[in-house]
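Please read the structure below before turning to the comments.
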Amino acid sequence: MQKMLRIKSPENLISEIKKGGCLAGEHRAYMVAKAMLKARLGFISKRARLYKNKGLPFLFFKDTAEAKRFFKNKGKFYYLRNAFETILVRSRS
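With this note's numbering, the residue at position 67 of the sequence shown is 236, and numbering never jumps.
Next up, the structure:
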């Protein structure tokens, strides 16, 4: 989780992990950083406000309706079992 909290720039995190490797569990931060290079990532969670306050470079929504309003129903939603919650992806242009 500490690596996740330090993701301010996905490029820097990827470079740091490639140079020095990662501890057990930190590979998740690497995978998230790689995805951030291609898309905007968002999490749908009842605790969205708590996560927003940590300064993470993700979108956070309290529920699916809030996410759909943000993306005006144009975003694609992908459900990942055992993820933090539901992950929302929108390609960068």
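Every residue gets a Cβ at the ideal spot worked out from N, C-alpha and C, and that includes glycine.
Check, Outcome
"Can you check whether the CB of K215 is closer than 9 Å to the CB of P179?", "no"
"Under the rule that 16 or more other beta-carbon atoms within 10 Å means buried, what is M205, buried or exposed?", "buried"
"Taking all protein chains shown into account, decide if L192 is buried (16 or more other Cβ within 10 angstroms of its Cβ) or exposed.", "exposed"
"In angstroms with no decimal places, state the Cα-to-Cα distance between G224 and R238.", "22 Å"
"Give the range of the alpha helix (DSSP H) segment to which L219 is assigned.", "A217 to K221"
"Within 10 angstroms of its Cβ, does A236 collect 16 or more other Cβ (buried), or is it exposed?", "buried"
"Mind reading off the beta-carbon distance from Y220 to F230? Whole number of angstroms is fine, and I expect it under 8 Å.", "With 8 Å as the limit, Y220 and F230 do not qualify as a contact, their Cβ atoms being about 10 Å apart."
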